[in-house]
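Student: The structure's right below; bear with me while I get my questions together.
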Amino acid sequence: MSSQADIATTPEVSRKTGGATLRGWLENSGIVIIFVVLFLAFSAIVPNFMTERNIIGLLLSVTLIGTVSVTMMMVLALGEVDLSVASIVAFAGVAAALITNATESSTIGVIGGVLAGGVIGLVNGVIVSKLRINSLIATLATMEIVRGLAYITSHGDALPIGQDDFFLLGSASVFGLSAPVWVTIISFVVFGVLLNLTAFGKNVLAIGGNTEAARLAGVPVDRLKIIVFTLQGLLTGLAGVLLTSRMGLGDPKTSVGLELAVISACVLGGVSLTGGVATISGVLVGVLIMGSVQNAMSLLNVPTFYQYLIRGGILLLAVAFDRWKQTRR
Amino acid sequence: MTTAAISAPYLAFDDISMEFPGVKALNRVSFGVKTGEVHALMGENGAGKSTLLKVLSGVNTPTSGSIRLDGQPRVFRNAREALAAGLAVIYQELNLVPNMTVAENLMIGHLPVRAGLLHRRRLRERALAILRDLGEAIDPDTRVRSLPIGQRQMVEIGKALLRDAKVIAFDEPTSSLSIRETENLKRIILRLRDEGRAIIYVTHRMDEVFDFCDAVTVFRDGQKIETYDEIGGVTHDQLVTRMVGRAIEDIYGYRPRPHGPTLLEAQDVIGPGVVEPVSFTLKQGEILGFFGLVGAGRSELMKIVCGATRASGGTVRLDDRPTRFATPGDAIRAGIALCPEDRKQEGIFPVAGVSDNLNISCRRFFNRLGIFLDPGRETTNANRFIDRLKIKTRNARTRIALLSGGNQQKVIIARWLAETIKVLVMDEPTRGIDVGARSDIYSIFYSLAEQGKGIIVVSSDLSEVMSVCDRIAVMRQGRLVGIVDRANATPERLLTMALPT
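Chains F and B, in that order, give the protein sequences. Numbers given in our numbering equal positions in the first sequence, counted from 1, plus 38. Counted from 1, the second sequence has number 179 at position 189 by our numbering; the numbering is strictly sequential.
Below is the structure:
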């Protein structure tokens, strides 16, 4: 993905022409280098980190954040934000469980769960684009509403699933990787292509860069916002269904705080919260950094309370690094 | 001429160079500015004037060379230090907080405090004193966002006065002001000069230089070409020649051409900002001007015609077919495109490169399989227009925010030249743009018109509409007052029509 930095990070920042190429490269791919260094350090220091079993476990642990983060990247690139994703994960899971049990068909259940997410995304998109309500507020509201819907439809309890083939979705394995991992990988590829190689992606970045200019340049702003939010709903719904399949339960209480983890991963990956700047490689690395650190902390038996400090510290450092890059010119 | 001019310059630029990667923005520039003079800086876009102001205000630290103030060499590492030394720069993009009051904006950084709390009464009194000093009847408690641009500028000047700035630099201050606001600004500038301050005045407007500037320095390609200490010692033509590096006889270079059948017909169009129904026609090959004062409803009318705002009534016919545009995208596909007035707010994508800015609309013709971008063809297309319109940029991927205003405007025009448009609407196409680029832009208009396209030029520049357009529509307070043929247009006639009765 060599052209991915087209819009985001043109290397004109460095001051001197002498060592500019190295420094420019360092500044552009800084977060990737941080990840590589971190990963090597963990491999050397943390016992059992660099084992096949642990790496597969690590990958599985980032599938939820990873899948949701690719569409969150698109939403942030638009200059919007979506806080309702955690609620969508819970609601889609509950819906899938409910529908599967009612129809005795896992296929219909899965489709129903994904569509439930899509409908909420569509509603978010319409509220943000047509009613012109700030997405922070709009999705804060739908976050509450959808969490409520999840509790109401499940009567407050986790719903066990009666169909055995439903669990296949979470556990089926191809080439040694389970289905959720494959879904995450495919999501990254598809949205990487969408962002970098299609007019759709360029238009999304243009809206985030300057909404009014995009509108006057003929970009269908409202329609694209609705599409992006709907995609976010659909993919988040799928992530919720996969989670349900892994846990065997449609749990209305699940994934609280996921939206912040996902946004953190995107910000770590250099996605601008004001819109217009996003790279898929950055988001991938952001997700992997979060996953590796979490994984290493567990292996090292870092007490849970301290894990919060470390996660927050890493986010601050990453953003400070990003600022430092921007102010150097 | 001023009376207070002292011979030794108060502010001296000493061999200043400023290098950015790949670009020498300033190349060994030396000249001095005296107190009690208005010193004009002229030059084409990208000549280095703005960079010089940034060096002056401490935003950029020069690669080499120094600034001397009253004989003492000074180094400013940031804007705060420059301000503290008595240097204030008033940029085109004003640095005001729209949601705060005039008084708060004036005193921000020096807010009066009593017992740890904001001293509201003193804040108001001091603000009022400054505003009165400037002859402005503004309530200090008004929020800045509700002030017209001319008064916002006065607030900015007030900030400079409050810090007792000895040197005040203006970056094209009149480019978005009405005639009356311009007169007011001129009066204030002359007063500041007579109080013994040094005024630096960046402008593209020749009439202003000869009207009230005392000295002028000409820049080209990052170098100082010439300083004329006495404005009387130079002529209009000499200045243009020094700026452009070649003689331009007539920057407008009007080319008459035949007109075809009616291309666009607006009938009884009315909507937000347009008070009475407006009707006009545009023929193939015609350049139609829209003249009026700021706020006459011209931009609003054009936004309606181009589908950017919804009309509340009336019809627009293109090629004798009725149209109904719900979005600008509809209008563009039908063949009508708008280059908006406010380049920064409505035109450019600042974080994106030149190529992405240029190809935003036309890339649909390049797409493979209908969805996939073709970066090669996009770059080729961008380079073609960079050459054709002489856009000064490092390459097609350079961020557009790093280009000068004139070059940004050329990119926006290229955005529509790359489309299949029939009607191009240009709102203030040459505002803040230098002589050379203006001349280029006009000849683009003529060649488009010669190809049978229709051009609408919205402009507050009287000589521009009179010299470039075939017919001139005049608007006043949301109404179309009349349409005058080129042959019958005189400044008196157009102004009489445009001014409120």
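Where is the CB? At the ideal position from N, CA and C, for every residue including glycine. Nothing here was measured: the structure is a model prediction, and the numbers come from that model.
Since ARG469 of chain B is in the beta strand (DSSP E), which residue starts that stretch and which ends it?
Tutor: Taking the first residue of the second sequence as position 1, residue 469 of chain B is located at position 479. That run of the beta strand (DSSP E) goes 469 to 475.
Student: Taking 7 angstroms as the CB-CB limit, is ARG253 of chain F close to chain B?
Tutor: Translated into positions along the first sequence, residue 253 of chain F becomes position 215. With 7 angstroms as the cut-off, ARG253 of chain F counts as an interface residue toward chain B.
Student: Take HIS249 of chain B as the anchor and find which of B:PRO262, B:THR370, B:MET233 and B:GLU276 has the nearest alpha-carbon.
Tutor: Locating residue 249 of chain B in the second sequence gives position 259, counting from the first residue. Among B:PRO262, B:THR370, B:MET233 and B:GLU276, the Cα nearest to that of HIS249 of chain B is on B:GLU276.
Student: So for SER56 of chain B, helix, strand or coil by DSSP?
Tutor: Counting from 1 along the second sequence, the entry for residue 56 of chain B is found at position 66. Strand.
Student: Quick check on the burial criterion: 16 or more other C-beta atoms within 10 angstroms. Buried or exposed for GLY329 of chain F?
Tutor: Along the first sequence, read from residue 1 onward, the residue named residue 329 of chain F stands at position 291. Buried: at least 16 other Cβ atoms inside 10 Å.
Student: With a threshold of 7 angstroms between beta carbons, is LEU233 of chain F in contact with chain B?
Tutor: Residue mapping note: residue 233 of chain F aligns to position 195 of the first sequence, counting from 1. With a threshold of 7 angstroms between beta carbons, LEU233 of chain F makes no contact with chain B.
Student: Can you find the residues in the same chain that come closer than 6 angstroms, C-beta to C-beta, to GLU192 of chain F, ignoring five residues on each side of it along the sequence?
Tutor: In the first sequence, the residue the question calls residue 192 of chain F occupies position 154. Residue identity differs from the one stated: residue 192 of chain F is Ser in this sequence, not Glu. Cβ within range, chain order: VAL132 and PRO290.
Student: Would DSSP call THR274 of chain F helix, strand or coil?
Tutor: Position 236 of the first sequence holds residue 274 of chain F. THR274 of chain F: helix per DSSP, three-state reduction.
Student: At the 7 angstroms Cβ level, is THR109 of chain F part of the contact set with chain B, yes or no?
Tutor: Taking the first sequence and counting its residues from 1, the one referred to as residue 109 of chain F is at position 71. Not one chain B Cβ lies under 7 angstroms of THR109 of chain F.
Student: Let me confirm a value: TRP362 of chain F is counted as buried when at least 16 other C-beta atoms fall within 10 Å, else exposed. Which label applies?
Tutor: Here residue 362 of chain F corresponds to residue number 324 of the first sequence, with the count starting at 1. Exposed, because fewer than 16 other Cβ atoms sit within 10 Å of the Cβ of TRP362 of chain F.
Student: Against GLU250 of chain F, what residues of chain A qualify as contacts under a CB-to-CB distance less than 7 angstroms, listed in chain order?
Tutor: Absent from the structure is chain A; the protein chains it does hold are F and B.
Student: For the region 349 to 378 of chain B, which residues have a beta carbon sitting closer than 7 angstroms to at least one beta carbon of chain F?
Tutor: Cβ contacts with chain F come from ILE350, SER351, ARG353, ARG354, ASN357, ILE361, PHE362, LEU363 and PRO365.
Student: Strictly below 9 angstroms CB to CB, what residues from chain F border PRO88 of chain B?
Tutor: Here the question's residue 88 of chain B lines up with position 98 in the second sequence. Those within 9 angstroms of PRO88 of chain B in chain F number zero; the least Cβ separation is about 16 angstroms.
Student: Are any of the Cβ atoms in chain F nearer than 7 angstroms to that of ALA342 of chain B?
Tutor: Stepping through the second sequence from its first residue, residue 342 of chain B is reached at position 352. Nearest CB-CB separation between ALA342 of chain B and chain F: below the 7 angstroms threshold.
Student: Scan the region 189 to 213 of chain B and note each continuous beta strand (DSSP E) run of 3 residues or more that stays entirely inside, going in chain order.
Tutor: 205 to 210
Student: Suppose contacts are defined by Cβ-Cβ distances below 7 angstroms. Is LEU31 of chain B in contact with THR207 of chain B by that definition?
Tutor: On the second sequence, position 41 is the one that residue 31 of chain B refers to. On the second sequence, position 217 is the one that residue 207 of chain B refers to. Yes, they are a contact pair.
Student: Considering ILE431 of chain B, what are the terminal residues of the beta strand (DSSP E) in which it resides?
Tutor: Here residue 431 of chain B is taken as the residue at index 441 of the second sequence, counted from 1. Premise fails: ILE431 of chain B lies in the alpha helix (DSSP H), 425 to 440, not in any beta strand (DSSP E).
Student: Contact between the region 221 to 228 of chain B and the region 424 to 437 of chain B is defined here as three or more beta-carbon pairs at a separation below 8 angstroms; is this criterion met?
Tutor: No, they do not touch.
Student: Which residues in the same chain have their Cβ closer than 7 angstroms to the Cβ of ARG185 of chain F, if we skip the five residues on either side of it in sequence?
Tutor: Position 147 of the first sequence, counting from 1, holds the residue named residue 185 of chain F. Contacts found: SER125 and ALA128.
Student: Is the beta carbon of THR268 of chain F sitting closer than 7 angstroms to the one on GLY150 of chain F?
Tutor: The residue labelled residue 268 of chain F in the question sits at position 230 within the first sequence. The residue labelled residue 150 of chain F in the question sits at position 112 within the first sequence. No, Cβ-Cβ distance for THR268 of chain F and GLY150 of chain F is not below 7 angstroms.
Student: Contact criterion: CB-CB distance below 7 angstroms. Does ALA298 of chain B meet it with respect to chain F?
Tutor: The residue you call residue 298 of chain B lines up with position 308 of the second sequence. True, the Cβ-Cβ gap to chain F drops below 7 angstroms.
Student: When you compare the CB of GLN42 of chain F with every CB in chain B, is at least one pair closer than 7 angstroms?
Tutor: Here residue 42 of chain F refers to the residue found at position 4 of the first sequence. Its pLDDT being 37, under 50, GLN42 of chain F is placed unreliably by the model, and nothing is read from it.
Student: Quick one: is PRO258 of chain F near chain B, going by C-beta distance under 7 angstroms?
Tutor: Numbered from its first residue, the first sequence carries residue 258 of chain F at position 220. So yes, PRO258 of chain F belongs to the interface.
Student: Hey, is VAL315 of chain F's beta-carbon within less than 7 angstroms of any beta-carbon in chain B?
Tutor: Locating residue 315 of chain F in the first sequence gives position 277, counting from the first residue. With 7 angstroms as the cut-off, VAL315 of chain F counts as an interface residue toward chain B.
Student: Nearest-angstrom Cα distance between LEU137 of chain B and SER166 of chain B?
Tutor: By 1-based counting over the second sequence, the position of residue 137 of chain B is 147. By 1-based counting over the second sequence, the position of residue 166 of chain B is 176. The alpha-carbon atoms of LEU137 of chain B and SER166 of chain B are separated by roughly 14 angstroms.
Student: Which residues in chain B have a C-beta closer than 8 angstroms to the C-beta of THR268 of chain F? List them in chain order.
Tutor: For this step, residue 268 of chain F is matched to residue 230 along the first sequence. Here the premise fails: no neighbours, minimum Cβ distance about 18 angstroms.
Student: Report, in whole angstroms, the separation of the C-beta atoms of THR271 of chain B and GLU290 of chain B, which I expect to be a contact under 8 angstroms.
Tutor: Taking the first residue of the second sequence as 1, we reach residue 271 of chain B at position 281. Taking the first residue of the second sequence as 1, we reach residue 290 of chain B at position 300. Wrong, their Cβ atoms sit about 19 angstroms apart, outside the cutoff.
Student: Starting from ARG288 of chain B, find everything on chain F with Cβ-Cβ shorter than 9 angstroms and list it in chain order.
Tutor: The residue you call residue 288 of chain B lines up with position 298 of the second sequence. Simply none; closest approach about 16 angstroms.
Student: Which chain B residues are close to GLY247 of chain F, counting only those with a beta carbon under 8 angstroms from its beta carbon?
Tutor: As a working note, residue 247 of chain F is residue 209 in the first sequence. Within chain B, the residues near GLY247 of chain F are PHE339, PRO340, VAL341 and ALA342.
Student: Do you know how far the Cα of PRO102 of chain B is from the Cα of THR494 of chain B?
Tutor: Outside the displayed range of chain B (-9 to 491) lies residue 494 of chain B, so it cannot be described from this structure.
Student: Determine the extent of the alpha helix (DSSP H) in which CYS304 of chain F is found, giving its start and end residues.
Tutor: If you number the first sequence from 1, residue 304 of chain F lands on position 266. Note, CYS304 of chain F: alpha helix (DSSP H), 296 to 306.
Student: Once you ignore the five residues that flank GLY279 of chain B on each side, which residues in its own chain have a CB closer than 6 angstroms to its CB?
Tutor: For this step, residue 279 of chain B is matched to residue 289 along the second sequence. Closer than 6 angstroms at the Cβ level, and outside the excluded window around GLY279 of chain B, lie VAL447, VAL455, CYS459 and ILE462.
Student: At which residues does the beta strand (DSSP E) containing PRO267 of chain B begin and terminate?
Tutor: The residue labelled residue 267 of chain B in the question sits at position 277 within the second sequence. First-last of the beta strand (DSSP E) with PRO267 of chain B: 264 to 273.
Student: Below 8 angstroms on the Cβ atoms is my contact criterion, and I expect LEU114 of chain F with LEU178 of chain F to pass it. Report the Cβ-Cβ distance as a whole number of Å.
Tutor: Indexing the first sequence from 1 puts residue 114 of chain F at position 76. Indexing the first sequence from 1 puts residue 178 of chain F at position 140. No, LEU114 of chain F and LEU178 of chain F are not in contact; Cβ-Cβ is about 16 angstroms, not under 8 angstroms.
Student: Hey, would you say the C-beta of GLU94 of chain B is under 6 angstroms away from at least one heavy atom of the ligand ATP?
Tutor: The model on display carries no ligand, and the ligand ATP is accordingly not part of it.
Student: Between GLY212 of chain B and chain F, is the shortest Cβ-Cβ distance under 7 angstroms, so that the two count as touching?
Tutor: As a first step, residue 212 of chain B is located in the second sequence; it is residue number 222 there, counting from the start. So no, GLY212 of chain B is outside the interface.
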